[in-house]
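Q: One structure, as structure tokens, below. Some questions next.
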């Protein structure tokens, strides 16, 4: 194994590689189990179809990750600018005429390869990178409103506003993540506090106006939150009820791999509610293990931050890691009905088409930071905690 | 370095916050498992597995000769799942208009635009089980499956089909009320109601689990309760006699503009009901239909037909003889303040009992009975009961009218009760009860219980057989019976039933013309009559008894002999010609040698039958659904019978049940004639047809 790893020049934090590997294996197992229904409906019972499709994407993702982690991370400073400039017109285009999936215009089709992808995935990645760049650049005058706060918050506001109509929850999570990164990047708490208040007011009035005029998906948002607030068990929304059944029937050790029955009742058991299926099949223990993998990932990134001398590298790594882990937490919180239903996928686990690729790129960048901070001599040192985690 | 430290504590704080959220997730998961765990687990059981009922196939009702009176054919409800994954907005929007138009063309009840509007609305509302149309037939279903969107199938087009079955009566109105129906929540009617348990069979139960694609799969074989298909019942009804009875009754009702009427034909020796027709006028649209089972349910004052019972009481007690003569006082006899009048004025005075019975003299019978039993009416009433009158018949189907014979010691008995009772007023009987009495007279005094069902069969095996039941061994002495029958013959020979005389055979019976009491004014002001005739034929060797009751004929004629009699005669003529003396028919029966003749029909049952019988045959139609049997004296071959769904199917040579199934599924309305195999179909096979077009099948 070690020979193989050395042969393919796997660099950067080995624990992160291991966590990614474990998550990919779990992902293949659970996606294969939970796409049975979809395979019957859409593929005439060809149950391997989605396994193969998802497996191929996961492998492409790993290859992409490997390729990206060999790039010097300073490249991404420029790339972030480029990505951001590309994101804005793409988001506008998506809003105007996206493929309507579940009534939300989130997807656009790349013309030549005919592959759909969520433009918000690209925007998300570019925005986090861009904030890291700006925060690093403005460290000298970071407490300034005009010099630091405004130039950073402007792109955040524009991107989130463009994502919000089609995908409010993604916009909100992205906004919060950005605020957290800005907080970490030492932006003055006063401004952030001010922003939270305006953010709440802004989103509130946006939802109110949309609801009144029946614009965008306002009715869906309100009904989902209403359903979540509703404590009457008999009237609870179908999705959360089915998810709770999955969780409740999982027990401590679960029903066993491939033994889920709720996959036939839960909508999107392979993406939005994959965590419920994980608990159903692998129990509370399996669920806790997956959750710890994400926390472990974040922990390892903090280790990278400590080791990284450059502010940009540190902020880039922690920003991307936070974005990923927060999304994971939200997905899991939705599955156990701690949060209202949102359409967030579980990064690295869900069957999510192209978003896997963006997640892979993000991890690739983190590993790139890790690779450069470690230097060549650190490569074998990280082997020890691998065994501890496994 | 201070910057780095500053950044780090902020990172640790964020980490702590996220770790806390992670803890919250685990706590919540644990809570779901423990606090509400049992609730959700029970919910899971009820959702994923359930006992699904499997419907049993309802049994058929047959006439005595095997003609199919009632059977079940499949019908369908179509629904639409508007949220199926494969039905994208693009497909929906581009094809919804043509789908709406198509539905409108098939059903013709709503405009295409209306269908489109409803489907759009249902899609907006996210309906997964939207009812498109109820109770469509097989042919329509095939068309619906071809429509845009629906032709994409269940998971892309969202078409959901539910099969049900509909009761079909191939002979339409024939004996409809007696065949009846059994519906949930409605009082059961007729044989369908009475034999509902037998016909319905028992639905099965199967433990199933919902699996991928929303399909229900049986979990195991052990838990399964197989459905028991309903048994068939073979009635005593003779389709030919029934047909004649119904037609004759209908014509008479129409000719006389009567309110309603009924006919019952009974086999003398067994009590089997061979025909039972009940027609009532449709108060809104005119015309007659099987409205109510008057023959069994309506308890009425019998009128003159009851005089037979009155006289038989005296004859049997030896109080008088048919040859005794009395003064009938020109048809007007006074009892206290009331006068009993004959229906027609005349000058007759002295008359034998036979003669006064033949002219149906009310005055004569009333005077005779009052002379003998005026002092002790109990003797008369006991005599009636001895004749087997006053007891219900307990016929299989529900709703039998209660008979009523007044009690001299009871309330409502007055000095005039006896004379009026003797001529058929004051008491109440159903036509069937009265017929049973006449049948007993025809049957040399043995009273047979009337019955409608002779056998219950399951897949051709006899499950239960109903034998004739004797209600009373001897209702009167042999001599009384002989005398009574002479008197009944005299009615047709020279009395009120003269018009019923036939050259071919002799009939016996009694006419009846009863005034119907008006609710408000009693008999006096009432101009309503009930004409009846009860009798049997042939008089010397009775085979069938028959009663005809016509309520409120309005065309001036109200005498039983003119209104009800002809119905009796028409039935008797036909039955005599076709059953009792079918000299002409004998010749036909000489064909059956060794050739195996098989009806065309469904493939698999044909194989089963041939195998069971050990008959070798040539299989030339391995995959066919319908087959025709080609045979000569040496061999038998099954060949494929092509049945087109768009064009009229070929049903020549099929049995009626298969033919009705095929044709009605194709969208035709079947009118069968005769019995046996299909000899002729009025629309040739292969020709196009309108929906609901009638096709007449001649059976032989």
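Chains as they are written, first to last, in this note's numbering: chain S, 1 to 390; chain X, 1 to 700.
Just so it is clear, CB atoms sit at the ideal spot from N, CA and C, and this is done for glycine as well.
Along the chain, where does the alpha helix (DSSP H) containing residue 34(X) start, and where does it finish?
A: Taking the second chain and counting its residues from 1, the one referred to as residue 34(X) is at position 34. 2-34 is the extent of the alpha helix (DSSP H) around residue 34(X).
Q: Using 8 Å as the cut-off, can you tell me whether the region 147-158 of chain S makes contact with the region 328-335 of chain S, which would need three or more C-beta pairs spanning the two stretches below that distance?
A: no
Q: Taking 7 Å as the CB-CB cut-off, is residue 324(S) touching chain X?
A: Here the question's residue 324(S) lines up with position 324 in the first chain. No - not a single Cβ of chain X is within 7 Å of the one on residue 324(S).
Q: Along the chain, which unbroken stretches of the alpha helix (DSSP H) at least 4 residues long are found entirely within the region 312-350 of chain S?
A: Listed in chain order, there is nothing to give.
Q: Express the C-alpha separation of residue 21(S) and residue 287(S) in angstroms, rounding to a whole number.
A: The residue given as residue 287(S) occupies position 287 in the first chain. The residue given as residue 21(S) occupies position 21 in the first chain. Rounded to whole angstroms, residue 287(S) to residue 21(S) spans 17 Å at the Cα level.
Q: List, in chain order, every chain S residue whose beta-carbon is nearer than 7 Å to that of residue 119(X).
A: Sequence index remark: in the second chain, residue 119(X) carries index 119 (1-based). Near residue 119(X) there are no residues of chain S at all, since even the closest Cβ is about 17 Å away, more than 7 Å.
Q: Quick one: residues in its chain with C-beta nearer than 8 Å to the C-beta of residue 627(X), no 5 flanking neighbours on either side, listed in chain order?
A: Stepping through the second chain from its first residue, residue 627(X) is reached at position 627. Shown here for residue 627(X): same chain residues with a beta carbon closer than 8 Å to its own, the five before and five after excluded, namely 600, 601, 602, 603, 606, 621, 638, 639, 640, 641 in chain order.
Q: Which residue marks the beginning of the alpha helix (DSSP H) containing residue 391(S), and which one marks its end?
A: In this structure chain S extends from 1 to 390, so residue 391(S) is not present and cannot be described.
Q: Which chain S residues are close to residue 116(X), counting only those with a beta carbon under 8 Å from its beta carbon?
A: The residue you call residue 116(X) lines up with position 116 of the second chain. Within chain S, no C-beta atom comes nearer than 8 Å to that of residue 116(X); the closest sits roughly 20 Å away.
Q: Below 8 Å, can you find three or more Cβ-Cβ pairs linking the region 22-29 of chain S to the region 46-66 of chain S?
A: When Cβ pairs closer than 8 Å are counted between the two stretches, the region 22-29 of chain S is seen to touch the region 46-66 of chain S, the count reaching three or more.
Q: Assign residue 193(S) to one of two classes, buried (16 or more other C-beta atoms within 10 Å of its C-beta) or exposed (fewer than that).
A: The sequence position of residue 193(S) within the first chain is 193, counting from 1. Under this definition residue 193(S) is an exposed residue.
Q: Can the beta-carbon of residue 719(X) be found less than 7 Å from the beta-carbon of residue 70(X)?
A: Summary: the structure shown does not reach residue 719(X), with chain X confined to residues 1 through 700, and so no result is reported for it.
Q: Count the other CB atoms, across all protein chains shown, that sit within 10 Å of the CB of residue 135(S); report buried if there are 16 or more and exposed otherwise.
A: Counted from its first residue, the first chain places residue 135(S) at position 135. By the 10 Å Cβ count, residue 135(S) comes out buried.
Q: Would residue 222(X) count as contacting chain S if we go by Cβ distances under 7 Å?
A: Along the second chain, one-based indexing puts residue 222(X) at 222. Unreliable positioning characterises residue 222(X) in this predicted model, as indicated by a pLDDT of 44, which lies under 50. The coordinate reading is nonetheless provided below. With 7 Å as the cut-off, residue 222(X) does not count as an interface residue toward chain S.
Q: Does residue 123(X) have its Cβ less than 7 Å from a Cβ in chain S?
A: The residue you call residue 123(X) lines up with position 123 of the second chain. For residue 123(X), the answer is no, since every Cβ of chain S falls outside 7 Å of its Cβ.
Q: May I have a chain-ordered list of the beta strand (DSSP E) segments no shorter than 3 residues that lie completely inside the region 178-238 of chain S?
A: none
Q: Could you list which residues in chain C have their beta carbon closer than 7 Å to that of residue 6(X), in chain order?
A: No chain C appears in this structure, whose protein chains are S and X.
Q: Please classify residue 9(X) as buried or exposed, where buried requires at least 16 neighbouring CB atoms within 10 angstroms.
A: Within the second chain, numbered from 1, the residue matching residue 9(X) stands at position 9. Exposed, by the Cβ-count rule.
Q: Flag residue 648(X) as yes if its beta-carbon sits less than 7 Å from any beta-carbon of chain S, otherwise no.
A: Against the second chain, residue 648(X) aligns to sequence position 648. Output row for residue 648(X): interface = no.
Q: Hey, would you say residue 103(X) sits closer than 7 Å to residue 115(X), going by beta carbons?
A: The residue given as residue 103(X) occupies position 103 in the second chain. The residue given as residue 115(X) occupies position 115 in the second chain. Cβ atoms of residue 103(X) and residue 115(X): closer than 7 Å.
Q: So the beta strand (DSSP E) residue 80(X) belongs to, where does it begin and stop?
A: For the purposes of this step, residue 80(X) is identified with residue 80 of the second chain, where counting begins at 1. From DSSP, the beta strand (DSSP E) with residue 80(X) extends over 68-80.
Q: Kindly list the residues whose CB is nearer than 8 Å to the CB of residue 160(X), restricted to its own chain and excluding five residues on each side of it in sequence; keep chain order.
A: Taking the second chain and counting its residues from 1, the one referred to as residue 160(X) is at position 160. 78, 79, 80, 81, 129, 154.
Q: Rounded to a whole number of angstroms, what is the C-alpha to C-alpha distance between residue 111(X) and residue 87(X)?
A: Locating residue 111(X) in the second chain gives position 111, counting from the first residue. Locating residue 87(X) in the second chain gives position 87, counting from the first residue. Their backbone Cα atoms lie some 23 Å apart in a straight line.
Q: State the beta-bridge partners of residue 404(X) as determined by DSSP.
A: Against the second chain, residue 404(X) aligns to sequence position 404. In DSSP, residue 404(X) forms a bridge with 428(X).
Q: Note down the Cα distance separating residue 384(X) from residue 434(X), rounded to an integer number of angstroms.
A: Within the second chain, the letter at position 384 stands for residue 384(X). Within the second chain, the letter at position 434 stands for residue 434(X). The alpha-carbon atoms of residue 384(X) and residue 434(X) are separated by roughly 12 Å.
Q: Taking Cβ-Cβ distances below 9 Å as the criterion, which residues of the region 331-355 of chain S are in contact with chain X?
A: 332, 333, 335, 336, 337, 338
Q: Looking at chain S, is there any beta carbon in it that lies within less than 7 Å of the beta carbon of residue 40(X)?
A: If you number the second chain from 1, residue 40(X) lands on position 40. With 7 Å as the cut-off, residue 40(X) counts as an interface residue toward chain S.
Q: Does any residue of chain X bring its CB to less than 7 Å from the CB of residue 318(S)?
A: Here residue 318(S) corresponds to residue number 318 of the first chain, with the count starting at 1. Interface residue, yes.
Q: Compare the C-beta of residue 29(X) with all C-beta atoms of chain S and state if any pair is closer than 7 Å.
A: Walking along the second chain from the start, residue 29(X) turns up at place 29. Cβ-Cβ to chain S under 7 Å: yes for residue 29(X).
Q: Short of 7 Å Cβ to Cβ, which residues in the region 12-24 of chain X face chain S?
A: 14, 15, 18, 19, 21, 22, 24
Q: For a contact defined as C-beta to C-beta under 8 Å, what are the partners of residue 26(X) on chain S?
A: Sequence index remark: in the second chain, residue 26(X) carries index 26 (1-based). Going along chain S in sequence order, the residues near residue 26(X) (Cβ under 8 Å) are 284, 287, 288, 291.
Q: Should residue 321(S) be labelled buried (16 or more other beta-carbon atoms within 10 Å of its own) or exposed?
A: Residue numbering aside, residue 321(S) sits at position 321 when the first chain is read from its first letter. Buried, since its Cβ has 16 or more Cβ neighbours within 10 Å.
Q: For a quick check, are the C-beta atoms of residue 507(X) and residue 440(X) less than 7 Å apart?
A: As a position in the second chain, residue 507(X) is number 507, starting the count at 1. As a position in the second chain, residue 440(X) is number 440, starting the count at 1. Contact flag unset, no.
Q: Which value, in whole angstroms, describes the spacing of the CA atoms of residue 96(S) and residue 86(S)?
A: As a position in the first chain, residue 96(S) is number 96, starting the count at 1. As a position in the first chain, residue 86(S) is number 86, starting the count at 1. Rounded to whole angstroms, residue 96(S) to residue 86(S) spans 16 Å at the Cα level.
Q: Quick check: what's the CA-CA separation for residue 126(S) versus residue 84(S)?
A: On the first chain, residue 126(S) is found 126 positions in, with the first residue counted as 1. On the first chain, residue 84(S) is found 84 positions in, with the first residue counted as 1. Spanning the alpha carbons of residue 126(S) and residue 84(S) requires a straight line of approximately 5 Å.
Q: Within the continuous alpha helix (DSSP H) that includes residue 119(S), where are the two ends?
A: Numbered from 1 along the first chain, position 119 holds the residue referred to as residue 119(S). First-last of the alpha helix (DSSP H) with residue 119(S): 119-137.
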